[in-house]
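Step one of this worksheet: look at the structure below.
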Amino acid sequence: MLEREITLEITEKEAPFAPDDELGTYVIRRWSWREKQKAVLDATRVLDEKTGLGMLEVLDYEIYQMLTCIKKAPEALKLSFTRLSGRKAVEATEDEEAVEAIEGLDADVGSLIIGACRKVNGLKEADIRDFLQRSEQEGKAGIPG
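Each residue of the sequence shown is one higher than the one before, counting from 35 in the numbering used here.
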């Protein structure tokens with residue numbers, strides 16, 4: 035399988051309030067279908083088992099996406115992930131230290147990384163729209179206002 039990657043250089047210009055250890059080069063890779071499905075499953079909270087009603091926790095989904103797709107980060111962050119090959123799922127989302135590191139990122143750094151993840155994973159406008167609040171959806175892409 036060909037992997038698609040993006041190299042993201044985050045400097046003080048893009049993230050003026052970020053700590054120095056978060057600045058540097060990140061390599062973001064495209065995730066596999068299986069990894070994406072695992073992120074959706076892990077980020078979904080069951081509301082009603084009888085009806086199958088669930089809610090996707092967007093924050094958790096984005097954290098799982100970042101943990102899965104960051105291939106390289108500045109060494110000071112100490113983001114080390116256990117990546118398993120073949121049909122086994124990536125276990126990075128179960129690494130509490132890695133989750134804490136992602137959750138503690140500077141807002142600008144986190145936004146740049148998730149933007150790169152979305153770009154490399156090819157999220158389309160329709161995919162992004164699914165995560166918008168109803169008020170933000172109105173009038174967009176054929177959704178009645």
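Ideal Cβ placement from N, Cα and C applies to all residues, glycine included.
- For Thr102, the uninterrupted alpha helix (DSSP H) run begins and ends at 92-103, by DSSP.
- Residue pairing from DSSP places Leu87 in a beta bridge opposite Asp82.
- A contact is defined here as three or more CB-CB pairs under 8 angstroms, and the stretch 69-80 fails this definition with respect to the stretch 46-56.
- Per DSSP, the beta bridge partners of Gly58 are Ile44.
- DSSP, reduced to helix, strand and coil, places Lys106 within a strand of the structure shown.
- Beta-bridge partners of Arg63 (DSSP): Glu39.
- Following the DSSP letters along the chain, one finds Gly144 inside the alpha helix (DSSP H) bounded by residues 141-155.
- The three-state secondary structure of Ala73, taken from DSSP, is helix.
- Collapsing the DSSP output to three states places Ala135 in a helix.
- If you draw a straight line from the Cα of Val133 to the Cα of Leu101, it comes to about 7 angstroms.
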